[in-house]
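Written out below as structure tokens is the structure these notes cover.
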Amino acid sequence: MEDKKKFIPLKDLEIYQLSRKLSAIAWKIYSRLSYQDKKVWGDQMLESVDSVGANITEGYGRYHYLEKMRFYFIARASLSEGKEHWLDLGFERGKVTTEEWDEICQIHKPLQIKLNNTISKTYDSKRGGNNER
11 MEDKKKFIPL KDLEIYQLSR KLSAIAWKIY SRLSYQDKKV WGDQMLESVD SVGANITEGY
71 GRYHYLEKMR FYFIARASLS EGKEHWLDLG FERGKVTTEE WDEICQIHKP LQIKLNNTIS
131 KTYDSKRGGN NER
């Protein structure tokens, strides 16, 4: 019996896959905006949504559990900013369609839960004496 945990490639992580789906929707929305809408609303929306996957990636690449958790917390905050503020505002202003909003909501909740679980598991791995991925 082999007790060692197998390394999971980043692209196989469900939280990363979900963050990329959210980024794809955000890009689709951003791409059709006027220049003014991109500058006023779109740039910040896209940065916050893309930051989720970027911070998951950076956290996953870190060795020490505290560094991992720091980036996962930032990813969680970016998810909140992107969905709860920018995309919600875009939906209110008619920049996000009902279909897109529904898809965003279907991705957001599982991503939020799985990101919280990843943070908890990362913390718990330290208590078990295991700092590996």
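In our numbering, the protein residues as written are 11 to 143.
Beta carbons are placed, not taken as given, at the ideal position from N, Cα and C, and that holds for glycine.
Secondary structure at Gly-104: coil, using DSSP grouped into helix, strand and coil. Ile-39 and Lys-105 do touch by the CB rule: their CB atoms are close to 7 angstroms apart, below 8 angstroms. The alpha-carbon separation between Val-59 and Trp-111 amounts to approximately 14 angstroms.
For Pro-120, the secondary structure class from DSSP, reduced to helix, strand or coil, is helix. Within the same chain, Ile-25, Leu-28, Ser-29, Leu-32, Val-62 and Leu-89 come within 8 angstroms of Leu-121 by CB-CB distance, once the 5 residues on both sides are set aside.
In this structure Leu-76 is exposed. Its beta-carbon is surrounded by fewer than 16 other beta-carbon atoms within 10 angstroms. One thing to note: Ile-129 has its Cβ within 9 angstroms of the Cβ of Tyr-82. Rounded to the nearest angstrom, the gap between the Cα atoms of Thr-107 and Trp-51 is 15 angstroms.
Rounded to the nearest whole angstrom, the CA to CA distance from Tyr-73 to Ala-85 is 17 angstroms.
The DSSP-derived three-state label of Leu-125 is helix.
About 6 angstroms separates the beta carbons of Tyr-133 and Met-79, which is inside the 8 angstroms limit, making them a contact pair.
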